[in-house]
Amino acid sequence: MQAILAIYLKSLLISAVVVLILSGLYMLGTISRNYDKPLSVRQNKIFDVLLIDILTIPILSFAVLAILIILKSR
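Position 46, counted from 1, in the sequence shown is what my numbering calls 49; the numbers after and before it change by one each time, with no gaps.
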């Protein structure tokens with residue numbers, strides 16, 4: 004049971020790092036392109052990206068978990 008939990012936590016960390024790096028790059032690109040827009044519009048885009056991150060990290064974590072279990076069984 005602890006082995007599965009350890010693999011899940013590892014996959015959660017991997018997926019969180021990947022999603023945060025990709026969303027950070029997206030936010031930097033969005034902010035640099037939309038610099039002339041009002042601050043509230045830019046903040047809304049950032050909040051949208053953060054909500055998407057919160058929803059996608061657990062889903063991606065289960066996908067990474069499946070890959071790690073397959074690799075560990077070999």
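C-beta: ideal position from N, C-alpha, C; glycine also.
Residue from the options whose Cα sits closest to the Cα of residue i
i	options	result
residue 67	32, 21, 55 and 40	21
residue 54	32, 26 and 76	26
residue 52	29, 40, 6 and 7	29
Buried or exposed (CB count within 10 angstroms, at least 16 for buried), residue i
i	result
residue 18	buried
residue 43	exposed
residue 35	exposed
Worksheet item: Do the stretch 5-13 and the stretch 44-62 make contact, defined as three or more Cβ pairs closer than 8 Å?
Response: no
Worksheet item: Taking contact to mean at least 3 C-beta pairs separated by less than 8 Å, is the stretch 64-75 in contact with the stretch 48-56?
Response: no
Worksheet item: In chain order, which continuous runs of the beta strand (DSSP E) of length 3 or greater are located wholly inside the stretch 12-56?
Response: none
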